[in-house]
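In terms of the UniProt record's numbering, the sequence shown opens at residue 1 and continues consecutively. Beneath this line is the structure, given in structure tokens, with notes to follow.
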Amino acid sequence: MPPPQTALRAVQKFRLSEFKDFPKHLRRFGPLPETSVVPPSPTPTSTQAAAIPPIRLPNPFIPWKNPATGRWVNPKYSLRRQADLVKKAKASGMVHLLPPGPKLKPSVLAAEIAKVGPSFEVPQVQRKKSEMSNDLWAVSTNWSGEVKVKEVAGSDIGVRLYAGKKRMFKGHKWERVHADREKKRKILMRDMSKRIRGFKNYYKRRTPNPLKPSRSPKAPKLPF
């Protein structure tokens, strides 16, 4: 887990980068859609930041479709970088400033926003002269774009391995045939006494009696 100050600095850097790249996104993908799956982030308590209305920004955690070519462009941040940002935001208590995505579900983000409330106090972060003030980088943001959440069977109860499957995985050969072998063994053991008695009587009946003539249908051979 990164230190709180380092984690807060990473969240601030992410926000400033999105403010800076917003005009580039408009030139490439056109106007932003009005769809938003989560409410705007809370507003900082300072007077300067509270006077600014919520800013609509493109969600960098989801793919975007180029209107000129009709092709989809991968998200700006990979899944690994998204997970790293979410981890640092949790360490600094700034999860409500991130956009929703595959590593941060809209329901979880909405709960974090509701927990923080309509306003929050921005902690002090060491910054460069060329960057915005401590309050302006955390202004209220409305992330534009639709996040498609993949529902995994069994994720609600914490058991995803065998959820929605009729049987378990392949396993070893002895595991697959174990039930049938046990069933056959029980049947054999149930009638074992009868089988032993029949086995002994069978060979007892076939044992030749020297006092009786031979039962062979063939005629005896001559000794010469």
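C-beta atoms are modelled at their ideal positions from N, C-alpha and C, and glycine is treated no differently.
inquiry  = Using a Cβ-Cβ cutoff of less than 8 Å, which residues in the same chain neighbour Pro-67 once the five nearest sequence positions on both sides are dropped?
reply    = Within the same chain, and ignoring the five residues on either side of Pro-67 in sequence, the residues whose Cβ sits closer than 8 Å to its Cβ are Phe-29, Gly-30.
inquiry  = Using 8 Å as the threshold, is the C-beta distance between Pro-44 and Val-95 below it?
reply    = With contacts defined as CB atoms closer than 8 Å, Pro-44 and Val-95 fail to qualify as a contacting pair.
key: Neighbourhood of Asn-142 by C-beta, 6 Å cutoff - its chain only, sequence neighbours within 5 removed   = Counting only Cβ-Cβ distances below 6 Å, and skipping sequence neighbours, we find Ser-36, Pro-40, Pro-54, Arg-56.
query = Where are the alpha helix (DSSP H) runs, 4 residues long or more, that stay fully inside the region 11 to 64, in chain order?
reply = Listed in chain order, the complete alpha helix (DSSP H) runs (minimum 4 residues) inside the region 11 to 64 are 47 to 50.
task = Determine the burial state of Gly-101: buried for a count of at least 16 other Cβ atoms within 10 Å of its Cβ, exposed for fewer.
result = With 16 or more other Cβ atoms within 10 Å, it is buried.
message = According to DSSP, simplified to helix, strand and coil, what is Val-116?
response = Residue state, collapsed to three classes: helix.
key: For Asn-142, three-class secondary structure by DSSP   = In the structure shown, Asn-142 sits in a strand (DSSP, three-state: E or B).
query = What's the call for Val-38, buried or exposed, on a 16-neighbour Cβ count within 10 Å?
reply = Under the 10 Å beta carbon count, Val-38 is surrounded by 16 or more other beta carbons and is classified as buried.
Distance, Arg-167 Cα to His-178 Cα = Arg-167 has its alpha-carbon roughly 15 Å from the corresponding atom of His-178.
query = Which residue spans inside the region 150 to 182 form an unbroken beta strand (DSSP E) run of at least 3?
reply = Complete beta strand (DSSP E) runs here, min 3: none at all.
query = With Lys-115 and Ala-83 assumed to form a contact (beta carbons below 8 Å), what rounded beta-carbon distance in angstroms separates them?
reply = Their Cβ separation, rounded to whole angstroms, is 21 Å, which puts Lys-115 and Ala-83 out of contact at 8 Å.
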